[in-house]
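Student: Before I ask anything, let me first share the structure, which is written out below as structure tokens.
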Amino acid sequence: MVGRDPAGVWAAPGRVNLIGEHTDYNDGYVLPLALDRRALVAAAPASGPGSTVRSLQQDPEPVRFSAATVSPGDVGGWGAYVAGVVWSLRTAGHPVRDLDLVLDSDVPIGAGLSSSAAVECAVAVALADLTAAAPAAPTATPTAAPAGRPDRTELARLAQRAENRFVGAPTGVMDQMAALHGRAGTLVFLDTRTMAVEHVPLDLAARGLALLVVDTRAPHTLVDGQYAARRADCTAAAADLGVAALRDAVPADLDRIRDPRRRRRARHVVTENARVLDVVATLRAGIDPRAIGPVLTASHLSLREDFEVTVAHLDVAVDAALAAGAHGARMTGGGFGGCVIALVDAPDTGAVATAVAGAFSDRGFAAPQTFTAVPSPGAGRCR
Ligand code: ADP
Ligand code: MG
């Protein structure tokens with residue numbers, strides 16, 4: 001489609017999770033915010049047979065597939081995040097059509113800010129809008145009965161299904177829910193069991209605060225296997241307790257888990273769910289958000305000691321931010337690299353960022369990248 005006018009441009013943001021880590025696959029609570037960094041997708045009806053997708057962040061060679069037939073295994077690499085969404089909508093009974101797409105994103109890739117869900121959700125809203133009025137295209141493969149126009153939560157589930165079943169990444173639904181339900185000036189409080197969403201206001205600037213994001217640029221190692229291992233531990237701990245998910249466990253239950261590692265993993269999830277509710281209660285009550293700082297830090301310690309998903313870069317960034325006066329700091333995202341967030345007084349933002357950079361330099365780590373996060377709108381059409 002390069003060189004001709006698109007039918008429209010759609011956007012979906014990356015996210016940071018304020019608190020609620022490794023809870024989303026345990027039916028628990030999460031509290032992300034949509035970032036002001038986003039993936040854009042320009043879309044137009046296909047000019048030839050089949051769909052083409054280009055990304056300004058990838059090899060210029062377009063990815064090609066047929067919307068009517070594409071199936072898991074047909075498209076690999078980055079194109080799977082796009083083709084997977086088309087497959088997911090079609091096989092759920094929604095209309096799809098071939099499009100020419102161009103992607104452009106300023107969400108850092110692989111930094112734990114969910115560049116993947118940003119791409120999926122931008123494509124999902126573009127496809128839903130462009131097929132809203134059109135009858136379903138005839139497909140060569142059997143599909144489910146026609147479904148109604150998907151709402152935002154349904155689109156999030158469909159994008160997650162694309163990532164799980166087409167890309168092959170066993171991730172929870174938080175990223176897509178943040179990308180689709182984000183709202184300026186609010187956190188997205190999500191109960192992943194009921195999928196209920198509450199927008200919890202967080203006006204950092206009005207309180208003289210900033211949320212500093214530190215992309216540690218730590219090399220991700222062992223991530224896939226470790227993620228699966230944590231999920232398996234959580235599932236086993238829930239089975240030990242005879243509950244459907246760790247969401248249903250309380251601290252008094254933990255002693256009944258005999259295996260010490262499994263008990264630690266469960267303790268993280270149980271206490272992390274309680275911390276999310278604690279933060280939400282504080283913010284709902286209109287209390288000074290500085291009060292959530294120690295809760296953020298407690299989350300990091302739990303992820304370090306009990307869930308064991310931090311690495312030196314994350315721990316060093318948290319310690320340096322706290323030493324430089326942050327009210328609280330924690331890793332955000334799955335761990336094993338990625339980002340740290342720090343709640344800081346706005347005038348201290350530069351000093352905290354400099355302190356973290358200094359600590360990295362002292363240890364011979366590559367320089368981190370820092371920016372401040374502002375709760376921003378979720379996915380939608382922008383042109
Ligand atoms: P994260 O979501 O934390 O950034 P992931 O590994 O989940 O990391 O997703 C990153 C992948 O998403 C990339 O390797 C690429 O396949 C795809 N992706 C993200 N942004 C883009 C983009 N702008 N263009 C094409 N593919 C992208
Ligand atoms: Mg991702």
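Quick note on numbering: UniProt numbering labels position 316 of the sequence shown as 316, and the sequence is numbered without any gaps.
Using N, Cα and C, we set each Cβ at its ideal position, and we do this for glycine too.
#1: Once DSSP output is grouped into helix, strand and coil, what is the label at LEU203?
#2: Which full runs of the alpha helix (DSSP H) of 4+ residues lie inside the UniProt domain "GHMP kinase C-terminal" (288–357), going along the chain?
#3: Pull up the distance between the alpha-carbon of LEU31 and that of PRO49, whole angstroms please.
#4: Express the C-alpha separation of ASP191 and HIS94 in angstroms, rounding to a whole number.
#5: So is the beta-carbon of THR171 under 8 Å away from any non-hydrogen atom of the ligand MG?
#6: What runs of the beta strand (DSSP E), each 3 residues or longer, lie entirely inside the UniProt domain "Galactokinase N-terminal" (3–45)?
#7: Nearest-angstrom Cα distance between SER66 and VAL82?
#8: I'd like to know if the region 276–290 and the region 233–243 are in contact, where contact means that at least 3 CB-CB pairs between them fall below 8 Å.
#9: Considering only DSSP beta bridges, list what LEU190 is partnered with.
#10: Output the residue ranges of the alpha helix (DSSP H) runs that lie fully inside the region 228–295 and measure 4 residues or longer, sorted by chain position.
#11: Tell me the residue span of the beta strand (DSSP E) that contains THR52.
#12: I'd like the list of long-range same chain contacts for GLN160, defined as Cβ closer than 6 Å, with 5 residues on each side in sequence excluded.
#13: Cutting at 7 Å between CB atoms, please list the residues of its own chain near ASN26, excluding the five before and the five after it.
#14: How is ARG165 classed by DSSP in three states: helix, strand or coil?
#15: Straight-line CA distance for ALA145 to ASN164?
#16: Could you check what DSSP says for PRO364 in three-state terms: helix, strand or coil?
#17: Could you tell me whether any non-hydrogen atom of the ligand ATP is closer than 8 Å to the CB of LEU33?
#18: So for LEU155, helix, strand or coil by DSSP?
#19: Kindly indicate which three-state DSSP category LEU113 falls into: helix, strand or coil?
#20: Less than 6 Å between C-beta atoms, sequence neighbours within five positions excluded: which residues of the same chain meet that for SER124?
#21: What do you get for GLU305, buried or exposed, if any count of 16 or more other CB atoms within 10 angstroms of its CB means buried?
#22: Leaving out five residues before and five after PRO6 in sequence, what residues of the same chain have Cβ atoms less than 7 Å from its Cβ?
#23: For the beta strand (DSSP E) containing THR372, name the first residue and the last one.
#24: Any heavy atom of the ligand MG within a distance shorter than 8 Å of the CB on SER116?
Tutor: The structure says:
#1: Here residue 203 turns out to be Asp, not Leu, going by the sequence shown. In this structure, ASP203 counts as coil in the three-state DSSP scheme.
#2: Taking only runs of at least 4 residues, the alpha helix (DSSP H) segments lying wholly in the UniProt domain "GHMP kinase C-terminal" (288–357) are 293–305, 312–323.
#3: When rounded, the distance between both Cα atoms is 42 Å.
#4: Going from the Cα of HIS94 to the Cα of ASP191 covers about 26 Å.
#5: Correct: THR171 has its Cβ closer than 8 Å to the ligand MG.
#6: Counting only runs of 3 or more, we get 8–17, 32–45.
#7: Spanning the two alpha carbons is a distance of roughly 12 Å.
#8: The region 276–290 makes no contact with the region 233–243; the number of CB pairs closer than 8 Å stays below 3.
#9: Within the DSSP secondary-structure output, LEU190 pairs in a beta bridge with VAL30, VAL197.
#10: The region 228–295 is shown to contain whole alpha helix (DSSP H) runs of 4 or more residues at 260–284, in chain order.
#11: Looking at the DSSP string, the run of the beta strand (DSSP E) that includes THR52 is 51–55.
#12: Same-chain partners within the cutoff: VAL173, GLN176.
#13: If we look at ASN26 and ignore the five residues flanking it on each side, its Cβ neighbours are CYS234, ALA245, LEU246, ARG247, VAL269.
#14: The DSSP-derived three-state label of ARG165 is helix.
#15: Its pLDDT being 49, under 50, ALA145 is placed unreliably in this model, and the coordinates cannot settle the point.
#16: According to the sequence displayed, residue 364 carries Gly and not Pro. Residue state, collapsed to three classes: coil.
#17: Within the structure as shown, the ligand ATP is missing, the only ligands being the ligand ADP and the ligand MG.
#18: DSSP places LEU155 in helix when its eight states are reduced to three.
#19: In this structure, LEU113 counts as coil in the three-state DSSP scheme.
#20: In the sequence under discussion, the amino acid at residue 124 is Ala, which differs from the Ser named in the question. Close CB contacts of ALA124 within its chain, under the 6 Å cut and outside five residues either way in sequence, are with VAL85, LEU155, ALA159 (chain order).
#21: Counting Cβ neighbours within 10 Å, GLU305 comes out exposed, since fewer than 16 surround it.
#22: Within the same chain, PRO6 has close Cβ partners ALA42, ALA43, ALA44.
#23: Looking at the DSSP string, the run of the beta strand (DSSP E) that includes THR372 is 369–373.
#24: SER116 Cβ: within cutoff of the ligand MG.
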